[in-house]
Amino acid sequence: MRFLIDEMFPPEICPRLVERGHDAVGVRDLGVNARPDREVAAAAAREGRALVTENVKDFAAEHDIIVVCVLKSHLPQRGMDMHLAEALDHWAAANPEPYVGLHWPKIER
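For the sequence shown, my numbering gives the first residue as 7, with consecutive numbering after it.
Rendered as structure tokens:
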């Protein structure tokens with residue numbers, strides 16, 4: 007799966023996902039960190055990536071991209087990158103061709 011990781015998540019998540027066979031980059035890698043949400047969404051669409059974010063309100067109206075919603079409050083502080091990578095890996099395996107719109111992967115604590 008091709009992921010675009012939003013800026014609220016640690017950048018270490020990207021190599022964790024790559025280790026699991028995914029193509030993952032952060033918003034910093036594409037130069038859209040601290041940019042308006044519409045630019046982040048446009049980058050995800052242009053790159054064909056599922057956007058991983060906790061900004062549900064900001065991206066709920068997006069109809070052109072896959073938005074994977076994960077609330078940081080549902081992840082442990084220690085090892086957040088490992089837990090998030092595992093959750094996204096399981097979600098990707100269960101959804102090899104996800105529909106455009108919002109998704110909520112199951113988070114195991």
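From the three backbone atoms N, C-alpha and C, an ideal C-beta is built for every residue, glycine too.
Mapping the DSSP letters down to three states, classify residue i as helix, strand or coil.
i    : result
R44  : helix
A67  : coil
D95  : helix
L23  : helix
V116 : Past the edges of the chain, shown from 7 to 115, lies residue 116, and the structure says nothing about it.
L90  : helix
V74  : strand
Apart from the five residues on each side of it in sequence, which residues of its chain come closer than 6 angstroms, Cβ to Cβ, to residue i?
i    : result
A50  : L10, L57 and I71
I113 : H80 and A93
D95  : R26
To the nearest whole angstrom, what separates the beta carbons of residue i and residue j, a pair I think is in contact under 8 angstroms?
i   : j   : result
E45 : D87 : Contact doesn't hold; Cβ gap of about 25 angstroms is too wide.
L36 : E53 : 7 angstroms
Less than 7 angstroms between C-beta atoms, sequence neighbours within five positions excluded: which residues of the same chain meet that for residue i?
i    : result
W110 : C75
Just curious, the beta strand (DSSP E) that residue i is in, first and last residue?
i    : result
F9   : R8 to I11
H109 : G107 to H109
Using a Cβ-Cβ cutoff of less than 8 angstroms, which residues in the same chain neighbour residue i once the five nearest sequence positions on both sides are dropped?
i   : result
P16 : M86 and D87
*asked:* Quick check: the stretch 83 to 98 against the stretch 22 to 39, are at least 3 beta-carbon pairs closer than 8 angstroms?
replied: yes
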